[in-house]
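Residues 694 to 956 in our numbering are what the sequence shown spells out, letter by letter. One structure below.
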Amino acid sequence: LYIDPLTYEDPEVALRDFAQEIDVTCVTIEEVIGAGKPHLSPGEFGEVWRGRLSLPGQPEAEVAVKTLKGGAGERQRREFLREAARMGQFRHPNVVRLRGVVSAGPPAMIVTEFLLHGALDAFLRGRQGSLSPLQLVAMLRGIAAGMRYLAEAGFVHRDLAARNILVDAHLVCKVSDFGLSRALDGDRDSDPTYTSSLVINAIEQDYRLPPPPRCPPALHRLMLDCWQRDRSARPTFPHLVHALDRLIRRPESLRVPPPDPHR
694 LYIDPLTYED
704 PEVALRDFAQ
714 EIDVTCVTIE
724 EVIGAGKPHL
734 SPGEFGEVWR
744 GRLSLPGQPE
754 AEVAVKTLKG
764 GAGERQRREF
774 LREAARMGQF
784 RHPNVVRLRG
794 VVSAGPPAMI
804 VTEFLLHGAL
814 DAFLRGRQGS
824 LSPLQLVAML
834 RGIAAGMRYL
844 AEAGFVHRDL
854 AARNILVDAH
864 LVCKVSDFGL
874 SRALDGDRDS
884 DPTYTSSLVI
894 NAIEQDYRLP
904 PPPRCPPALH
914 RLMLDCWQRD
924 RSARPTFPHL
934 VHALDRLIRR
944 PESLRVPPPD
954 PHR
């Protein structure tokens with residue numbers, strides 16, 4: 694069961710309970726992960742680097758290293774440590790794995806597994822039309838399974854989005870980004886698009902987006918279920934995993950009807 698690090702007066706105590714401390718000499722930083730092929734984009738705390746982890750008695754592993762930027766205040770440092778304490782409690786193939794933390798620094802580091810294809814949003818934009826419906830549904834199933842695990846542990850993610858899903862070399866999707874303060878940060882600039890009268894009217898009139906091009910009808914029906922106005926009518930993550938498993942077992946249900954020549 695998930696224990697919120699905020700229940701600890703000292704985040705370093707939570708860190709000792711839930712994360713492995715790594716000697717900084719075991720971490721080799723190679724290159725910053727950024728434009729062109731993002732893995733974890735730079736955030737409030739600092740940059741994310743591609744690197745290598747060499748722990749005694751274990752094979753060298755490729756990792757992602759999130760660093761706390763120089764000049765960070767005590768509030769930022771405490772939240773940085775809490776993020777590691779959150780991640781350290783999770784063990785699931787569809788949740789990004791924490792390998793360890795360097796708490797002393799400088800710089801302090803959060804070390805996670807490295808996922809080759811980076812953030813899901815950029816990955817999909819770069820491969821439009823190249824993935825089959827079955828591949829996409831399998832990726833969705835992984836996300837739902839990761840979220841089911843987190844929900845059953847009592848953890849509320851608060852910022853589930855394609856930018857916070859990472860993709861490994863085998864197209865396995867993993868939930869990431871457990872810095873809850875960023876999702877709740879009132880100082881973040883808002884996008885006026887989402888407060889316009891057009892958007893508000895569409896929501897009030899129960900407008901729903903049309904299916905994406907080449908979207909199987911069975912999958913669009915599941916999307917509409919997730920958009921129910923009454924939240925108690927929306928499927929839970931266990932229900933979504935079950936529904937996606939059904940689609941995967943019946944690939945014929947993912948066929949897309951040919952376009953209507955009379956339209």
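Don't be surprised by glycine CBs; every beta carbon is placed ideally from N, CA and C. Predicted model only: the values in this text are computed from it and were never measured.
Simplified DSSP assignment, three categories, for residue i
{"i": "Val-789", "result": "coil"}
{"i": "Cys-866", "result": "strand"}
{"i": "Val-756", "result": "strand"}
{"i": "Ala-844", "result": "helix"}
{"i": "Glu-945", "result": "helix"}
{"i": "Ala-855", "result": "helix"}
{"i": "Ala-812", "result": "strand"}
{"i": "Val-720", "result": "strand"}
{"i": "Gly-744", "result": "strand"}
{"i": "Gln-713", "result": "coil"}
Supposed contact pair residue j and residue i - C-beta distance, whole angstroms, cut 8 Å
{"i": "Leu-746", "j": "Val-804", "result": "6 Å"}
{"i": "His-850", "j": "Val-868", "result": "7 Å"}
{"i": "Val-795", "j": "Val-741", "result": "About 14 Å separates the two Cβ atoms, so there is no contact after all."}
{"i": "Gly-835", "j": "Pro-800", "result": "Going by Cβ atoms, the distance from Gly-835 to Pro-800 rounds to 32 Å, so no, they are not a contact pair."}
Burial state of residue i (16 or more Cβ within 10 Å)
{"i": "Gln-898", "result": "exposed"}
{"i": "Phe-711", "result": "buried"}
{"i": "Gln-751", "result": "exposed"}
{"i": "Arg-792", "result": "buried"}
{"i": "Arg-942", "result": "exposed"}
{"i": "Arg-924", "result": "exposed"}
{"i": "Arg-768", "result": "exposed"}
{"i": "Val-758", "result": "buried"}
{"i": "Val-830", "result": "buried"}
{"i": "Val-756", "result": "buried"}
{"i": "Ile-893", "result": "exposed"}
{"i": "Pro-749", "result": "exposed"}
{"i": "Val-720", "result": "buried"}
Sequence-distant residues of its chain with Cβ nearer than 7 Å to residue i (five each side left out)
{"i": "Phe-871", "result": "Glu-776, Arg-779, Met-780"}
{"i": "Tyr-701", "result": "Ala-707"}
{"i": "Pro-931", "result": "Arg-841"}
{"i": "His-913", "result": "Pro-904"}
{"i": "Ala-844", "result": "Phe-930"}
{"i": "Phe-816", "result": "His-810, Val-860"}
{"i": "Leu-833", "result": "Leu-937"}
{"i": "Pro-944", "result": "Leu-827"}
{"i": "Leu-774", "result": "Pro-704, Glu-705, Leu-708, Ser-796"}
Beta-carbon proximity list for residue i, same chain, < 8 Å, skipping 5 on both sides
{"i": "Glu-917", "result": "Checking the sequence, you will find Leu at residue 917 rather than Glu. Closer than 8 Å at the Cβ level, and outside the excluded window around Leu-917, lie Arg-901."}
{"i": "Ala-911", "result": "Leu-940, Ser-946, Leu-947"}
{"i": "Glu-753", "result": "Arg-745, Leu-746, Ser-747"}
{"i": "Leu-694", "result": "Ala-846, Gly-847"}
{"i": "Gln-828", "result": "Leu-864"}
{"i": "Leu-699", "result": "Arg-775"}
{"i": "Arg-784", "result": "Arg-790"}
Sequence-distant residues of the same chain with beta carbon closer than 6 Å to residue i, five excluded per side
{"i": "Arg-790", "result": "Glu-806"}
{"i": "Ala-862", "result": "Leu-809"}
{"i": "Leu-933", "result": "Ala-837"}
{"i": "Gln-713", "result": "Gly-793"}
{"i": "Pro-909", "result": "Pro-826, Leu-947, Val-949"}
Give a yes or no on contact between the region 808-818 and the region 889-897, applying the rule of three or more CB pairs nearer than 8 Å.
no
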